[in-house]
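S.K.:
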Amino acid sequence: MSTWFAVLEMPFLLVAIIYGLLIARTVRSSLIGRGMTFIALGSLVMAIGHILMIVNGLAKEQILSVILGDVGGAWAWLAALCTSWLFYGLGFIEVYKVLPEKETELLQATRSRERALKALRDSEELYRSLVDSVRDVIYTLSPDGTITSLNPAFESYTGWSCSEWIAQPFAPLVHPEDLPLALERFQRVMAGQNPPLFTLRIRERSGNYRVGEFIQTPQLRNGRVVGILGVGRDVTERIKAEEALRKAHDELELRVQERTIALSKANEESKARTEALEASEEALRETNETLRALFHASPLAIIAMYPMGIVTMWNRAAERIFGWGKQEVLGRPNPIVPEAKQEEFHALRERVLCGESVTLMETQRQKKDGSLIEVSIATAPIYGANDEIRGIIVVYDDITERKRAEEALRESEERFRSLTHSTNDAVIVGDHHGRMLSWNQGAQIMFGYTEAEVLNQPLTLLMPTRYHEPHQRAIARVNQTGETKLVGRTIELEGLRKDGTEFPLELSLAKWDTRAGAFFGGIIRDLTERKRDEQARARLAAMVFEERERRHIARDLHDQIGQMLKALKLTLEMAERRPEGAFGVNLEEAQQLVDSLMKRVQDMSLDLRPPMLDDLGLLPALLWLFQRCAAQTNVQVTFEHTDLGRRFASEVETAAYRIVQEALTNVALHAGVKQATVRMWANGSMLGMQIEDRGIGFDVRSTPVTTLGLTGMRERVHALGGELTLESSPGRGTRVTAELPLTAPIEHASLMRA
Amino acid sequence: MSTSILLADDHHLVRQGLRVLLAAEPDFHLVGEAADAREVVDLAERLRPDVLVLDLLMPGINGLSALRQVVKCAPKTRVIMLSMCSSEAYVSEALQEGAAGYVLKSSRADELILAVREVAAGRSFLSPPLSEKIVEGYLKSRNGAVLDPYDTLTTREREVLYLVAGGLSNAEIADKLFVSPRTVETHRANLMRKLNLHNHAELIRYAIRRGILPAEE
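Residue numbers (the working numbering), protein chains in the order written: chain A, 6 to 759; chain B, 8 to 224.
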């Protein structure tokens with residue numbers, strides 16, 4: 006029986022030995038290993054004992070008693086038994102002495118690691134939600150200038166996907182002109198500096214550029230710059246951050262899940278694979294550092310609160326914008342909500358706690374000094390790992406300046422509007438396409454169009470057709486080269502009213518450039534009245550001229566002819582009193598007086614209108630005039646002419662004669678020289694004349710045309726449909742050129758008397 | 008042989024005075040008097056006097072045109088122009104139109120008698136202050152210096168001429184001179200008319216001839 010037991014026992018023993026040795030081998034380096042070796046040795050001794058028992062059974066003999074005698078054998082058996090027990094005991098003592106100690110250590114290591122991970126995870130969640138919810142582009146660059154990370158804002162601004170640019174150099178994204186600046190800033194940050202804000206143009210996928218404001222800070226590890234963290238704010242336009250936030254939340258949840266899985270996996274593996282855990286931890290820390298740097302570098306105020314409104318985070322921008330230091334607000338209720346906005350704030354908080362994100366809400370917040378500032382708010386809930394809302398994150402953009410600028414703009418526009426509306430002049434603003442953007446009361450009265458009729462219509466609407474083409478060319482030229490001809494000058498043109506009539510106008514043009522292109526402002530004055538005034542003045546001048554002539558004649562008649570007649574009368578009276586035959590002397594005297602009288606009357610008649618002008622024509626009359634001019638005023642005339650040996654229409658001859666006469670009078674009175682040149686020419690259609698001197702001249706612009714008898718000349722020429730040009734400048738002499746058409750209809754017969 | 012004389016003056020008193028003066032000469036024979044230019048031509052044609060004493064300034068058609076007609080229809084009649092005006096213009100005009108004598112009204116009475124005798128004898132007569140020489144001088148001055156059409160251009164027209172010659176279009180010139188193309192067109196037309204140029208080719212030729220075209224062109 007016992008034999009069979011022994012045989013059945015054998016496999017068990019074998020297993021015990023092998024198992025003991027295996028454990029001992031596996032954990033031999035540790036404390037457990039030693040204990041297990043003892044246990045294995047104990048099993049070995051027990052196994053030897055059992056083998057002896059089997060041999061005894063088979064041999065029907067007590068082997069040990071045979072060798073050592075009955076007493077010795079019994080003792081040996083006992084000794085083997087005790088040895089076996091001893092080894093087992095030692096083994097268990099070894100194992101259980103060490104085990105609790107070892108177990109605690111392992112557990113603790115795992116737990117603290119778990120806690121650290123949890124803290125990191127929480128922190129990352131927070132920052133990650135920041136990164137993904139801010140509307141700024143956040144990116145990291147490696148020391149060689151490749152982009153290592155980009156946040157979703159990049160995609161929404163530029164249309165590129167992040168994956169297209171991650172691991173790519175950043176330079177192709179930057180406008181070529183801005184590249185030097187971008188590289189300079191890159192190098193400065195790599196040198197460990199914190200250079201100020203700068204602006205770059207960033208290429209969109211569509212090929213357009215957006216303008217971004219950037220701030221970059223070095224990422225330090227162990228005091229070395231290992232990369233750059235940058236924040237770019239799009240200043241081209243605001244985008245719908247709401248979308249970004251929602252997306253960020255989805256992504257966040259995904260991340261949290263991913264991270265949870267990754268962490269639990271790491272946890273499971275932690276006991277065996279410490280390196281993997283460490284690497285993961287390192288990655289998390291890195292991310293965390295990045296996010297922390299971002300949080301502090303952000304130009305936007307970012308704060309986080311518990312659901313009840315206790316502030317948990319407060320970045321530097323928040324300190325700067327609101328004036329509250331971080332230490333003053335952490336752990337306290339949010340101090341920046343002004344009294345008037347409390348209700349709004351609570352309502353907002355309720356919405357966020359219901360899981361809603363709110364962006365671009367404009368409201369007011371209070372600074373520490375009590376002053377109010379305008380802010381734009383973006384806010385969203387922060388989710389914990391189990392989808393519970395753990396807090397609220399709020400991003401504030403200080404828009405006080407923008408508001409003020411808007412206000413100022415509105416005010417200035419208002420002022421401009423009231424100004425333009427109160428003036429009688431037409432004030433019209435056009436863009437670089439030549440379209441009208443603004444139209445005031447004066448313009449409406451002047452042109453007859455209402456504002457609604459002309460807005461966005463081309464400016465050519467206000468011009469006679471002949472100006473259209475030059476206008477289009479000018480617009481094209483300005484747009485191409487920026488070169489303007491009329492800006493800053495005042496020019497006279499004709500305008501076209503709604504009813505199709507033309508009227509004279511004076512235009513002064515201004516141009517200003519904006520980002521949206523060039524704008525033009527024109528101030529237009531209706532010259533109809535002024536022209537009418539000018540004509541009236543000219544007529545008046547002509548009347549004055551005529552009156553002067555009459556006075557001159559009257560004086561001549563009275564002073565000279567009258568005196569001579571008086572003398573003649575006296576002489577004849579004296580002759581009458583003399584005795585018969587003795588009045589010869591008086592008659593002689595009388596005859597002389599009559600001679601002078603005749604001469605004088607003839608002169609006067611010639612001065613008024615030389616008969617040779619009618620009798621002999623223009624050329625003899627002019628020759629006579631030049632002679633007389635030399636005799637009376639000492640001005641010598643050089644006369645050059647062609648084709649004058651014929652008669653012209655009487656009004657043309659008269660006008661030509663008077664123009665030359667008047668011009669020579671001016672030379673004699675004003676030029677200060679005794680030389681003049683008269684040129685006269687005729688052809689099939691025109692009679693031209695030019696009177697030139699090399700005298701002192703005058704400034705044509707500052708000398709009123711009413712003086713110098715110029716008005717009279719001009720009137721004569723215009724009445725015949727001709728042209729008169731006056732050229733003069735101080736020190737350079739004067740040149741009057743006139744051309745009279747030979748077939749022109751006579752406008753004013755009144756001008757022909759003289 | 009007596010000299011037949013026709014008197015023409017619109018002033019009655021002047022005619023009377025002259026009649027008295029001339030009638031005193033035995034060999035003079037007054038055949039008629041006329042008070043206006045039309046009458047003069049009629050009488051001269053009918054009476055064919057040897058000498059016509061004609062006032063220069065007569066109403067109707069003036070004395071000079073009467074002279075012209077008389078010379079045409081009564082070529083043998085010698086005409087003495089009687090005038091208040093000593094201007095060479097009249098004198099030369101009268102002589103050119105065929106007058107044989109020119110007597111100033113302010114001259115002494117016997118001068119007219121002398122003039123009638125002289126012209127009747129086939130010679131010419133001018134009152135003493137006048138002379139053939141002065142008339143010649145006048146005729147010379149009348150022809151005057153030759154006009155260079157270039158001088159008649161205004162400064163603007165000269166500028167336009169230079170720019171056109173330089174190959175610029177009206178629009179380009181307008182841009183350069185700050186005026187409208189239409190104004191340039193006007194200047195251009197004016198200067199071409201003054202210079203008697205009819206097309207661009209002539210203008211270029213003119214510019215080359217005057218040395219207006221710059222050397223490097």
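C-beta: ideal position from N, C-alpha, C; glycine also.
Nothing here was measured: the structure is a model prediction, and the numbers come from that model.
Can you tell me the Cα-Cα spacing of Ile-244(A) and Arg-478(A), whole angstroms?
M.R.: Confidence at Ile-244(A) is low in this model, with a pLDDT of 37, below 50, so its placement is unreliable and the value that follows should be read with caution. For Ile-244(A) and Arg-478(A), the distance between alpha carbons rounds to 39 Å.
S.K.: So if DSSP puts Ser-443(A) in a beta bridge, which residue, or which two residues, is it bridged to?
M.R.: Val-434(A).
S.K.: Would DSSP call Lys-503(A) helix, strand or coil?
M.R.: DSSP places Lys-503(A) in coil when its eight states are reduced to three.
S.K.: Who are the Cβ neighbours of Glu-248(A) in its own chain at under 8 Å, not counting the five residues just before and after it?
M.R.: Bear in mind that the predicted position of Glu-248(A) carries a pLDDT of just 45, short of 50, making it too unreliable to give a figure here.
S.K.: Just tell me which of Glu-355(A), Thr-151(A) and Gly-375(A) has its CA closest to the CA of Ile-394(A).
M.R.: Among Glu-355(A), Thr-151(A) and Gly-375(A), the Cα nearest to that of Ile-394(A) is on Glu-355(A).
S.K.: Enumerate in chain order the residues of its own chain whose CB-to-CB distance from Phe-653(A) is below 7 Å, with the five nearest sequence positions on each side excluded.
M.R.: Same-chain partners within the cutoff: Leu-623, Leu-692 and Leu-747.
S.K.: My understanding is that Ile-211(B) touches Ala-172(B), with C-beta atoms under 8 Å, so please give their C-beta distance in whole angstroms.
M.R.: About 6 Å; that satisfies the 8 Å criterion.
S.K.: Along chain B, which residues have their Cβ under 9 Å away from the Cβ of Asp-600(A)?
M.R.: The answer, in chain order, is Ser-113.
S.K.: What did DSSP end up calling Trp-686(A) once you bin it into helix, strand or coil?
M.R.: Strand at Trp-686(A).
S.K.: By alpha-carbon positions, which one of Arg-502(A), Ser-443(A), Val-459(A) and Gly-447(A) ends up nearest to Thr-470(A)?
M.R.: The option with the nearest alpha carbon to Thr-470(A) is Arg-502(A).
S.K.: Using DSSP's beta-bridge definition, name the partner residues of Asp-518(A).
M.R.: Asp-518(A) is bridged to Ala-523(A).
S.K.: With DSSP as the reference, identify every bridge partner of Gly-217(A), one or two as the case may be.
M.R.: Gly-217(A) is bridged to Leu-205(A) and Asp-239(A).
S.K.: With burial defined as no fewer than 16 other Cβ atoms inside 10 Å of the residue's Cβ, what is the status of Val-20(A): buried or exposed?
M.R.: Classification of Val-20(A): exposed, given that the 10 Å Cβ count is below 16.
S.K.: Quick check on Asn-688(A) - is its C-beta less than 8 Å from some C-beta in chain B?
M.R.: It does; some Cβ of chain B falls within 8 Å.
S.K.: Kindly indicate if chain B contains any beta-carbon less than 8 Å away from that of Thr-470(A).
M.R.: No, Thr-470(A) lies away from the interface with chain B (no Cβ there is under 8 Å from its Cβ).
S.K.: Which residues share a DSSP beta bridge with Trp-319(A)?
M.R.: Trp-319(A) pairs with Ile-308(A).
S.K.: So for Glu-247(A), helix, strand or coil by DSSP?
M.R.: Note that Glu-247(A) has pLDDT 40, beneath the 50 cutoff, so the model's placement of it is unreliable and the number below is only indicative. Reduced to three states, the DSSP call for Glu-247(A) is helix.
S.K.: Are the C-beta atoms of Gln-367(A) and some chain B residue less than 8 Å apart?
M.R.: Note that residue 367(A) is Glu in the sequence shown here, rather than Gln. Closer than 8 Å: no.
S.K.: What is the C-beta distance between Ile-315(A) and Gly-336(A), in whole angstroms, given that I count them as a contact (C-beta under 8 Å)?
M.R.: With 8 Å as the limit, Ile-315(A) and Gly-336(A) qualify as a contact, their Cβ atoms being about 6 Å apart.
S.K.: What are the boundary residues of the beta strand (DSSP E) that includes Phe-35(B)?
M.R.: 35 to 41 is the span of the beta strand (DSSP E), which, as asked, contains Phe-35(B).
S.K.: Look at the alpha carbon of Arg-226(A) and the alpha carbon of Gly-150(A), and state the distance between them as a whole number of angstroms.
M.R.: About 18 Å.
S.K.: By the criterion of Cβ-Cβ separation under 8 Å, what are the contact partners of Pro-188(B) in chain A?
M.R.: Going along chain A in sequence order, the residues near Pro-188(B) (Cβ under 8 Å) are Pro-475.
S.K.: Skipping 5 residues on each side, what residues in its chain have a beta carbon closer than 6 Å to that of Thr-88(A)?
M.R.: Correct list, in chain order: Val-50.
S.K.: With a cut-off of 8 Å, does the C-beta of Thr-730(A) fall near any C-beta of chain B?
M.R.: Output row for Thr-730(A): interface = yes.
S.K.: Could you tell me which uninterrupted beta strand (DSSP E) segments, each at least 3 residues in length, are contained entirely in the region 650 to 689 of chain A, listed from first to last along the chain?
M.R.: Fully enclosed beta strand (DSSP E) runs of 3 or longer: 680 to 687.
S.K.: State buried or exposed for Glu-164(B), treating a residue as buried only when at least 16 other CB atoms are found within 10 Å of its CB.
M.R.: Classification of Glu-164(B): buried, given that the 10 Å Cβ count is 16 or more.
S.K.: Round the Cβ separation of Val-77(B) and Leu-59(B) to the nearest angstrom and send it over; I've been treating them as touching at under 8 Å.
M.R.: That belief holds up - the Cβ atoms of Val-77(B) and Leu-59(B) are roughly 6 Å apart, short of 8 Å.
S.K.: Taking a contact to mean a Cβ-Cβ separation below 8 Å, would you say Ala-661(A) touches Leu-745(A) in this structure?
M.R.: In this structure, Leu-745(A) lies closer than 8 Å to Ala-661(A) by Cβ.
S.K.: Taking Cβ positions, are Met-569(A) and Leu-598(A) nearer each other than 8 Å?
M.R.: Cβ distance < 8 Å, so Met-569(A) and Leu-598(A) count as in contact.
S.K.: Going along the region 10 to 43 of chain B in order, which residues come within less than 9 Å of chain A, judged by CB to CB distance?
M.R.: Listed by position, the residues of the region 10 to 43 of chain B near chain A (Cβ gap below 9 Å) amount to none.
S.K.: Counting only runs of 4+ residues fully inside the region 159 to 190 of chain B, write out the alpha helix (DSSP H) ranges in chain order.
M.R.: Whole alpha helix (DSSP H) segments, 4+ residues: 162 to 172 and 177 to 184.
S.K.: Taking 8 Å as the cut-off, decide whether the C-beta atoms of Gly-527(A) and His-437(A) are in contact.
M.R.: No, the Cβ-Cβ distance between Gly-527(A) and His-437(A) is not below 8 Å.
S.K.: Are any of the Cβ atoms in chain B nearer than 8 Å to that of Pro-735(A)?
M.R.: False, the Cβ-Cβ gap to chain B never drops below 8 Å.
S.K.: In angstroms with no decimal places, state the Cα-to-Cα distance between Leu-193(A) and Asn-339(A).
M.R.: Reading off the sequence, residue 193(A) comes out as Arg, not Leu. Taking the straight line from one Cα to the other gives about 38 Å.
S.K.: Select from Gly-360(A), Thr-455(A) and Gln-369(A) the residue whose C-alpha is nearest the C-alpha of Gln-446(A).
M.R.: Ranking the options by Cα distance to Gln-446(A), first place goes to Thr-455(A).
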